[in-house]
Amino acid sequence: MELNGNLPSYVHTTALATVAGDSYTFSFAYAGRSDGGTNTIDVLWDGSVIQAALHAPSTSAWTYYNFTVTAQGNDTAGFSSIPYGDGSYGNFIDNVSVVGPTATPLPAALLFVAPALAGVFGFSRRKAANGVQA
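Residue numbers (my numbering): 2 to 135.
This is the structure in structure tokens:
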């Protein structure tokens, strides 16, 4: 998407299904225009600036950015900009993503250890119930 061509612009997502206190990675690609001036953007998370005056690369090459953010719950991600000069020199944003935390898989060995521990504790409880001391 082109941002800040001719007029100041503000773009943001609708409320995301984020969970308060969880960490998320907010990523995007940002490119300047080879025929334009130097524009800057503010990177926003839930309406607050997390990176002010981010300059576009001086060429049209894409640069990738990642920000780790802590959610407040139902957050938004966005960009705010002011055009440079009086021409139509917008910069480009692409590949915007917000990736949340992933569940940590249990180690495979736990599948074998858990039943064994359950057996040991079950055997100990049965001995105690029968009045047998170990």
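Backbone N, C-alpha and C fix where the C-beta goes; we use that ideal spot for every residue, glycine too.
Query, Result
"Considering just the uninterrupted stretch of the beta strand (DSSP E) at Trp46, what are its terminal residues?", "Thr41 to Trp46"
"State the DSSP-derived secondary structure class of Gly91, mapped to helix, strand or coil.", "coil"
"When DSSP labels each residue in this structure, what does Ala32 get in the three-state scheme?", "strand"
"Quick check on the burial criterion: 16 or more other C-beta atoms within 10 angstroms. Buried or exposed for Thr19?", "buried"
"Looking at the structure shown, is Leu4 part of a helix, part of a strand, or coil, going by DSSP?", "strand"
"Is Val20 helix, strand or coil when you go by DSSP?", "coil"
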